[in-house]
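Peer 1: Quick one: this structure, given as structure tokens, is what I'll be asking you about.
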Amino acid sequence: DEHSHSPSHSRFWQTRTGMGMAAQSSTCSDPARQPPFRSTSIRWAVRVSKWDPTVAAYKDALAMLNEDEAKRVAKFRFFDDAKRSLMGRLLIRKLLVDIMQMPAIDLKRTTKGKPYIANPQECPIEELKHMQFNVSHHGDWVVLAAESCFSIGLDVMGIERPGRGSLGSFFKNMRSNFSEGEWSHVMVDEGGDKGKLTRFMRLWTLKESYVKARGEGLSISPNRVCFEVKRKQRGSRPTSTSVMQQKPPTGDEGDTKDSSSANADESSSSSGSSDSSIFRDRKCWEQQRQTSAPTSNLQPATRRRQDHFLQGKYERDADGEKETEEEKGRNGGRSGSGGGSKAVLAPKLLDPYTDMSHLLDGMPELLGATVQSLSSSTPAFRFSSGAFDTEYIWSISLAVLPACIPPRTSTNEFNQAIEAALVCPFYEIDPNALVATLKKNT
Numbered sequence: 006d007e008h009s010h011s012p013s014h015s016r017f018w019q020t021r022t023g024m025g026m027a028a029q030s031s032t033c034s035d036p037a038r039q040p041p042f043r044s045t046s047i048r049w050a051v052r053v054s055k056w057d058p059t060v061a062a063y064k065d066a067l068a069m070l071n072e073d074e075a076k077r078v079a080k081f082r083f084f085d086d087a088k089r090s091l092m093g094r095l096l097i098r099k100l101l102v103d104i105m106q107m108p109a110i111d112l113k114r115t116t117k118g119k120p121y122i123a124n125p126q127e128c129p130i131e132e133l134k135h136m137q138f139n140v141s142h143h144g145d146w147v148v149l150a151a152e153s154c155f156s157i158g159l160d161v162m163g164i165e166r167p168g169r170g171s172l173g174s175f176f177k178n179m180r181s182n183f184s185e186g187e188w189s190h191v192m193v194d195e196g197g198d199k200g201k202l203t204r205f206m207r208l209w210t211l212k213e214s215y216v217k218a219r220g221e222g223l224s225i226s227p228n229r230v231c232f233e234v235k236r237k238q239r240g241s242r243p244t245s246t247s248v249m250q251q252k253p254p255t256g257d258e259g260d261t262k263d264s265s266s267a268n269a270d271e272s273s274s275s276s277g278s279s280d281s282s283i284f285r286d287r288k289c290w291e292q293q294r295q296t297s298a299p300t301s302n303l304q305p306a307t308r309r310r311q312d313h314f315l316q317g318k319y320e321r322d323a324d325g326e327k328e329t330e331e332e333k334g335r336n337g338g339r340s341g342s343g344g345g346s347k348a349v350l351a352p353k354l355l356d357p358y359t360d361m362s363h364l365l366d367g368m369p370e371l372l373g374a375t376v377q378s379l380s381s382s383t384p385a386f387r388f389s390s391g392a393f394d395t396e397y398i399w400s401i402s403l404a405v406l407p408a409c410i411p412p413r414t415s416t417n418e419f420n421q422a423i424e425a426a427l428v429c430p431f432y433e434i435d436p437n438a439l440v441a442t443l444k445k446n447t
């Protein structure tokens, strides 16, 4: 069986444990029985504010990309947007080089713009040849999630109102993208405006991640998919708050992502806690904000243009004091968390929330007879959602890849594997160490 765990795969686990990967046992007591089904899970997160490169260092990082990807980064007008896009592409390179051990990197795009690994057969680790990945970025975070046995979609958003205008106007414009049940969930009078935005962004990131996991681009509008989440009321047992009470209304597709935030996500293929709000009440929210590490503004007052940065025209601080490239080179730039390569757990407020389901056009999506060894009522998609610090929310969608499910895999084994993938934690990668290591290995 091409999906069984080979000796090389066991060595692979020993060298990768603790670097943002969900390690699983590969032992099997019965030689006639295939090893338990497991998916290799990768979760990485980068704070781009920790990377303040010189012009020379920035150009070196750009040079690591192929010509097409470098041109895509160069199209961004603002430096911060370009930096997020570049960092996402460097995380993809780290996945291909460090994890998949690809001897050569060949990334291409489908007609719908979805990147994919064009040479998966060159991956020396059999179990990783079907690796799927997805990248998302917004504000201070660039995140990557990858799975060897599931199609994956990932989305991260700041818990803020995108664009200009009042919150009421924003909600009015976005209302048509949600079902009646979903919108009732968003408008629950708990946590004030921040609570409403949190619930809104959770549902929106779920919709985005679902569409990305399917890989069909804009052909699926947000109002076609609706979610059910479960919320725990204080002083009571967990109760279900249905957000799938009716078929979602028809309407034009909407997109909350402000173009200025440049959340240009990348996805690829190679062929619990309360959800009424992330925070249980306003008091908890304020306590978390006071004790959390400060984060950069989601929408800075001034934005550096990429062409000005490349010309050395940028300000050192708010007082307008200039720092030349020569001075910055002597100072070594900002070091962030140091040059070490060890990954650490990314900050989070709560464990990932996974107790949710969905409907597409009012109907559940089940495996049916797609995978014969599994129950026909097994959901075709599973979801996970959590938060970074007090300002950012993320969601992940996992879809079953029938070709990656070994024969005779039981429903129980499958459920254990996908549950492990859903709760795999994000590991924070220091951007300075990431760039330095990739440059050394290039």
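Residue numbers (my numbering): 6 to 447.
By construction, the Cβ of each residue, glycine as well, lies at the ideal position given by its N, Cα and C atoms.
Since this is a predicted model, take the numbers as computed values, not measurements.
To the nearest angstrom, how far is the alpha carbon of lysine 134 from that of aspartate 312?
Peer 2: Rounded to the nearest angstrom, the two C-alpha atoms are 39 Å apart.
Peer 1: Can you give me the Cβ contacts of arginine 114 inside the same chain, cut-off strictly under 6 Å, excluding the 5 residues immediately before and after it?
Peer 2: Pro120, listed in sequence order.
Peer 1: Going by the beta-carbon positions, is the gap between aspartate 111 and asparagine 124 smaller than 7 Å?
Peer 2: Yes.
Peer 1: Taking 7 Å as the CB-CB limit, is arginine 207 close to chain D?
Peer 2: Absence of chain D from the displayed structure is noted, only one protein chain being present.
Peer 1: For alanine 150, which residues in the same chain have their Cβ closer than 6 Å to its Cβ, ignoring the five residues on either side in sequence?
Peer 2: Answer for alanine 150: Arg48, Asn139, Ile157, Leu159 and Ile401, listed in chain order.
Peer 1: My assumption, with CB atoms under 8 Å, is that glutamate 165 sits in contact with leucine 202. Please give the rounded CB distance.
Peer 2: Contact flag correct, Cβ pair sits at about 7 Å.
Peer 1: Any idea what DSSP makes of leucine 194, helix, strand or coil?
Peer 2: According to the sequence shown, residue 194 is aspartate rather than leucine. Aspartate 194: coil per DSSP, three-state reduction.
Peer 1: Just to confirm, are threonine 363 and valine 230 a CB contact at a threshold of 7 Å?
Peer 2: Inspection of the sequence shows that residue 363 is occupied by histidine rather than by threonine. Contact: yes.
Peer 1: Answer yes or no: do methionine 105 and methionine 69 have a C-beta to C-beta separation smaller than 7 Å?
Peer 2: No, Cβ-Cβ distance for methionine 105 and methionine 69 is not below 7 Å.
Peer 1: Quick check: what's the CA-CA separation for leucine 208 versus phenylalanine 175?
Peer 2: Their Cα atoms are separated by approximately 15 Å.
Peer 1: Do three or more CB pairs link the stretch 187-200 to the stretch 364-375 at distances below 8 Å?
Peer 2: No, they do not touch.
Peer 1: If you compare alpha carbons, which of Pro108, Thr116, Lys117 and Val234 is closest to proline 129?
Peer 2: Nearest of Pro108, Thr116, Lys117 and Val234 to proline 129, Cα basis: Pro108.
Peer 1: For my contact list, leucine 403 and arginine 413 are in at a C-beta cut-off of 8 Å; report their separation, rounded to the angstrom.
Peer 2: Contact flag wrong, Cβ pair sits at about 21 Å.
Peer 1: Tell me which same chain residues have a C-beta within less than 7 Å of the C-beta of alanine 426, skipping the five on either side of it?
Peer 2: Contacts found: Ala27, Ser44, Ser46, Glu152, Phe155 and Leu403.
Peer 1: With leucine 443 as the anchor, note down where its alpha helix (DSSP H) starts and where it stops.
Peer 2: Segment 436-446, the alpha helix (DSSP H) holding leucine 443.
Peer 1: Helix, strand or coil, according to DSSP, for leucine 159 in the structure here?
Peer 2: The answer is strand: DSSP assigns leucine 159 an E or B state.
Peer 1: Would glutamate 424 and phenylalanine 42 be called neighbours here (beta carbons separated by less than 7 Å)?
Peer 2: Not closer than 7 Å, so no.
Peer 1: What three-state label does DSSP hand aspartate 86 in the structure shown?
Peer 2: Aspartate 86 falls in the helix class under three-state DSSP.
Peer 1: Measure the CB-CB distance between tyrosine 358 and serine 390 and report whether it falls below 7 Å.
Peer 2: Taking 7 Å as the Cβ cut-off, tyrosine 358 and serine 390 qualify as a contacting pair.
Peer 1: Among Gln126, Thr416 and Glu221, which has the Cα closest to the Cα of threonine 116?
Peer 2: Of Gln126, Thr416 and Glu221, the residue nearest in Cα terms is Glu221.
Peer 1: Give me whichever residues DSSP pairs with cysteine 231 in a beta bridge.
Peer 2: Bridge partners of cysteine 231: Leu364.
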